[in-house]
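Visitor:
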Amino acid sequence: MKALTANRLSDGEVVFWKNGVWVERLTDAEIFADDAGAGEAEVAARAQPTVVIDPYLIDLVDSAGFWAPVSYRERIRALGPTNHELHGKQAEGGGAVEALRQAHGAARSSGRVNLIRRK
Amino acid sequence: MPKLIRASGAAFRDEEDAFVTIEDDAPDPGGDIIVSLARYLAGSESLMARPSGRLGVRLEPEDEVETLEGRLSGVDLVALAFPKFRDGRPFTAARLLRTRLGFSGEIRAVGDVLRDQAGFMVRCGFDAFVPADGSTAAIWAEAAGRHSHVYQRAADARAPAFVERQGE
Amino acid sequence: MYRYDAIDRAVLADRTAEFRDQVRRRLAGELTEDQFKPLRLMNGLYLQLHAYMLRVAVPYGSLSPVQMRALADIARRFDRGYGHFTTRTNIQFNWVKLADAPDILDALAAVDLHAIQTSGNCIRNVTADPYAGAAADELEDPRVWCEAIRQWSSLHPEFSFLPRKFKIAVTASPHDRTAAKVHDIGLLLRRGRDGETGFEVIVGGGMGRTPYVGPTIRAYLPSNRLFSYLEAILRVYNRHGRRDNAYKARIKILVAALGAEAFAREVEAEWEKIGPEGDVPAAEIERIRDAFTTPDFSSDPSTGDFEARRAAEPAFARFVRNNVKAHIRPGYGIVDISLKGIGETPGDMSADQMDLVADLAERFGQGDIRSTHEQNLVLPHVRLEHVHEVWKALDAAGLATPNINLISDIIACPGLDYCALANARAICVAQDIARRFEAPDRAEAIGEFKIKISGCINACGHHHVGHIGILGVDKKGEEFYQLTLGGSGAEDAAVGKMLGPALPIDRVTDAVEAIVDAYLRERREGERFLDTLRRTGDAPFKEAVYAEAH
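Protein chains in written order, with our numbering: chain A, 1 to 119; chain B, 1001 to 1168; chain C, 2001 to 2550.
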């Protein structure tokens, strides 16, 4: 499973793709089961250079019934910094945030779609 | 013809460009031409002997500007190429052309040339620009005149802050 | 503090207006991200994991109370009430909006601060000895030269698009508190045989992927020739530094490829051609010197009850032992403010804490505040009779941790908690180690011990020069940490040596403790950890860390 993410141009906020618009919570994001759909969304997202910066796909795994990014980096983007639990998206708490925090087991994976190219 | 912005003093104007850049193996079409450094070095005598038309030499960032030392008398224009606007070597080349080689002809910025470098380019001795961002002479003038003070000497006549302060 | 004149202020105003226009063009779609990125970086604006980050220059680590309050105000208005002091002595705001950045720059310019050249492939903020003007062992105040370099390098028309970033350090003390030998240029102020001052010039040190301790390319450069010499170095680098590979583009690679001697010859030949025309006139250096405020030192300051309280209050005595250093003037002390509270984020400071430090600097510290490359602050001129009151106030705000140069005084970059380049977190590793060594008696018994943690090979956390360096790496999506031993950023600069295979995050603190225990077993009278390590080699430490695993 994949999601499409980017940072919003105007404020840098981490955002996720949902049927042509950008949402702030991973739980609201569109989940792609197949590469074709994900690829189409990525192309569409790249056509919005004044809305977001550098959209890319991330791999997801199931964690306690929620989708969690495979890589630590993407989990931190989806949550906020681990040294300030009241900063970033994690501040609102709840089951989805907990599921992301606990989703350690699947980290051993190469599932960073496009990340190498971004560096 | 491609658009050119020319600086004379603090004034900037839009111009049509009379020069044509020719490939190393292309025949000389006559008129005002720009050739590569290699072509110039290989055939400088015949290029100098052209019956009419002005001559320009184009340097890539890796070309050593000192190669032109003592060979600039028939050269009207030196074009310095910015393959990427982040490549800062042409700034040094322009400054040395003006201050060390004493070149008083046109120094032209070509390639990935953006208005955000206008001030730096003018200070280093460029006086003609082929902008890649569609900027006009008016935009270029504003960008080049953005800073009312400068801190260091360069190839222009601007007094650095330490000279201005002495006058106070 | 250097006092800006009308010209200095005009430069900031013009630059801020230029950046406001660049932001407008980006938001309007007139600039692509590829075009805008180098422009925003030239003004210290990064896109990090969660938001934009603005890096504000603290020129050579010097701040006034008014400036510190302005930073606090920005933290409250535009960020989340805090800032992060970096190993480049700058401050970063982590939650900045692009649309707000021009207003933040205006607020900075109002107090003579800026973000000019805090990133990008240009000459960055100069590093100075944080004890400048106060250190008992100093030859003269290096900040005069730092300010002259700041001006000379600001918006330099020829050297704003170098192959890679460029960092200069200046120190005038035999004890190097700037890490000069791992800078692109390190300038060590020396007294010449003629009684004049000059610089030993070190070029090509650096950390990152390929760490080097820089070689000396000129043993003595008369100080009145500094700027033509800098121009020569920068020109050789601008022309010949590699541009084909960002990891090989720093000047250290050029110096290493040519060899220090050949590089020095190139520089000297260029310097000859430039001549004194490239120098800043002596009158301007004197003007800058005069534009610095002079501390108003009492000729015979009372030390009040300083000694009595030291004798009576062990906690105060501990603070003085670790956080107060000898001042060049009798009756004064240099007070280090630790931004390494146990369990806190190294270098982070709340807006309220900033306001408090501003107040203390105003009341007791001659209005002078410094930031250090070890991510702490300094009040360089405090009368000993006031140290107790300063300590009390700092302590109440969580800023009096008596751990300067001790094992919990850990440098850590923002790492994967914030940074888009990071491979692993650094902050939580620092916090965990600091908690393990929280007991102050134990920390003092261990003595000088510098742990430095970077979340990636770019080495913002200076891991190469840590006594223990810790480098976060990504192993198949998991955070692992590579330990190095024996680095030093001081006058005995050295690059640490890798100890063994990288460790998972939950084994790092145990490994550090094993190294410390081995040191305590091995050490002889008076030896620092570094001394013991240099005598024994790393075998006992390797054994301590990896023995159980096999």
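Ideal placement from N, C-alpha and C gives every residue a C-beta, glycine not left out.
At which residues does the alpha helix (DSSP H) containing VAL15(A) begin and terminate?
Guide: Segment 14 to 18 is the beta strand (DSSP E) holding VAL15(A); no alpha helix (DSSP H) there.
Visitor: Taking the alpha-carbon positions, what's the LEU115(A) to ALA2544(C) distance?
Guide: The predicted model places LEU115(A) with a pLDDT of 34, which falls under 50 and marks its position as unreliable; any figure quoted below should be read in that light. Taking the straight line joining both Cα atoms gives about 37 Å.
Visitor: On the three-state DSSP scale, how would you describe TYR2237(C)?
Guide: Note: TYR2237(C) maps to helix in three-state DSSP.
Visitor: Run through the DSSP bridge pairs and tell me what SER1036(B) is partnered with.
Guide: Bridge partners of SER1036(B): ARG1058(B).
Visitor: Opposite PRO69(A) in the DSSP bridges: which residues?
Guide: LEU60(A).
Visitor: Tell me, please, whether the CB atom of VAL2273(C) is closer than 8 Å to any CB atom in chain B?
Guide: In the sequence under discussion, the amino acid at residue 2273(C) is Lys, which differs from the Val named in the question. Taking Cβ atoms only, chain B reaches closer than 8 Å to LYS2273(C), which makes this a yes.
Visitor: Mind pulling the chain A residues with CB within less than 9 Å of ILE2427(C)?
Guide: PRO81, THR82 and ASN83, listed in chain order.
Visitor: Under the three-state reduction of DSSP, which class applies to LEU2054(C): helix, strand or coil?
Guide: Reduced to three states, the DSSP call for LEU2054(C) is strand.
Visitor: Residue range of the alpha helix (DSSP H) that LYS2(A) falls in?
Guide: From DSSP, LYS2(A) is part of no alpha helix (DSSP H) but of the beta strand (DSSP E) over 2 to 8.
Visitor: Using beta-carbon positions only, say whether ASP2305(C) and ASN2323(C) come within less than 8 Å of one another.
Guide: Contact: no.
Visitor: Whole angstroms are fine: how far does the CA of SER1052(B) sit from the CA of VAL1020(B)?
Guide: When rounded, the distance between both Cα atoms is 14 Å.
Visitor: With a CB to CB cut of under 7 Å and the five nearest residues on each side skipped, what residues in its chain are close to PHE2319(C)?
Guide: For PHE2319(C), where only same-chain residues beyond five positions count, the Cβ hits under 7 Å are TRP2391, ALA2400 and PRO2402.
Visitor: In chain A, which residues lie with their C-beta within 8 Å of the C-beta of TYR2052(C)?
Guide: Simply ASP11 and GLY12.
Visitor: Excluding five sequence neighbours on each side, which residues of the same chain lie with their C-beta closer than 7 Å to the C-beta of ALA33(A)?
Guide: MET1, listed in sequence order.
Visitor: If you drop the 5 nearest sequence neighbours on each side, which residues of the same chain put their C-beta closer than 7 Å to that of VAL2267(C)?
Guide: Only ILE2217, ALA2232, ILE2233 and VAL2236 meet the Cβ criterion.
Visitor: Helix or strand or just coil, what does DSSP make of LEU2485(C)?
Guide: If DSSP states are grouped into helix, strand and coil, LEU2485(C) belongs with the strands.
Visitor: Tell me, which residues are paired with GLY2472(C) by DSSP?
Guide: The partner list for GLY2472(C) (beta bridge, DSSP) reads TYR2481(C).
Visitor: Taking the alpha carbon of ASP1156(B) as the reference point, which residue from SER1135(B), PHE1162(B), ARG1165(B) and MET1121(B) has its own alpha carbon closest?
Guide: When only C-alpha atoms are compared, the closest one is MET1121(B).
Visitor: Distance cutoff 8 Å, beta carbons only. Does LEU1114(B) sit that close to anything in chain C?
Guide: For LEU1114(B), the answer is yes, since a Cβ of chain C falls inside 8 Å of its Cβ.
Visitor: So is GLY93(A) in contact with chain C if we call contact Cβ pairs under 8 Å?
Guide: No, no contact with chain C.
Visitor: Tell me, please, whether the CB atom of GLU1069(B) is closer than 8 Å to any CB atom in chain C?
Guide: So no, GLU1069(B) is outside the interface.
Visitor: Pick from MET2001(C), ASP2100(C), PHE2199(C) and SER2454(C): whose alpha carbon is nearest that of ASP2417(C)?
Guide: Ranking MET2001(C), ASP2100(C), PHE2199(C) and SER2454(C) by Cα distance to ASP2417(C) puts SER2454(C) first.
Visitor: Could you give the first and the last residue of the continuous beta strand (DSSP E) run that contains TYR2332(C)?
Guide: Looking at the DSSP string, the run of the beta strand (DSSP E) that includes TYR2332(C) is 2332 to 2337.
Visitor: What does VAL123(A) touch in chain C if you count any residue whose Cβ is under 9 Å from its own?
Guide: Nothing about residue 123(A) can be reported from this structure: the residues present for chain A run from 1 to 119 only.
Visitor: Give the residues of chain A in contact with TYR2237(C), contact being defined as C-beta atoms less than 8 Å apart.
Guide: Near TYR2237(C) there are no residues of chain A at all, since even the closest Cβ is about 25 Å away, more than 8 Å.
Visitor: Give every residue of the same chain whose Cβ lies closer than 8 Å to the Cβ of THR82(A), excluding the five residues on either side of it in the sequence, and list them in chain order.
Guide: So the qualifying residues of the chain are ILE76.
Visitor: For GLY2367(C), which residues of its own chain have a beta-carbon under 8 Å away from its beta-carbon, when the five flanking residues on both sides are left out?
Guide: Answer for GLY2367(C): MET2001, SER2064, PRO2065, THR2293 and ALA2361, listed in chain order.
Visitor: Return yes when at least one heavy atom of the ligand FMN lies under 7 Å from the C-beta of ALA1109(B), else no.
Guide: Questions concerning the ligand FMN fall outside what the structure shown contains, since it holds no ligand whatsoever.
Visitor: Let me know the secondary structure DSSP gives TYR2247(C) once reduced to three states.
Guide: If DSSP states are grouped into helix, strand and coil, TYR2247(C) belongs with the helices.
Visitor: Could you give the C-beta distance for ALA2518(C) and PRO2540(C), rounded to a whole number, given that I count them as a contact under 8 Å?
Guide: Contact holds; Cβ gap of about 5 Å.
Visitor: Tell me the DSSP secondary structure of TYR2220(C) in three-state form.
Guide: Note: TYR2220(C) maps to strand in three-state DSSP.
Visitor: At which residue ranges does the segment 2277 to 2323 of chain C contain complete beta strand (DSSP E) runs of 3 or more residues, listed in the order of the chain?
Guide: Listed in chain order, nothing qualifies, since the segment 2277 to 2323 of chain C has no complete beta strand (DSSP E) run of 3 or more residues.
Visitor: Looking at the unbroken beta strand (DSSP E) that takes in THR2197(C), where does it start and where does it end?
Guide: Per DSSP, THR2197(C) belongs to the beta strand (DSSP E) from 2197 to 2203.
Visitor: Count the other C-beta atoms from every protein chain shown that fall within 10 angstroms of the C-beta of HIS2175(C), then say buried if there are 16 or more, exposed otherwise.
Guide: Flag for HIS2175(C) reads exposed.
Visitor: Which bits of chain B does ARG2243(C) rub up against, with CB to CB less than 7 Å?
Guide: Ordered by position in chain B, the residues that pass the 7 Å Cβ test against ARG2243(C) are ASP1087.
Visitor: Going by the beta-carbon positions, is the gap between ALA1105(B) and PHE1082(B) smaller than 8 Å?
Guide: Per the sequence presented here, residue 1105(B) reads as Gly, with Ala not at that position. Not in contact: GLY1105(B) and PHE1082(B) (Cβ atoms no closer than 8 Å).
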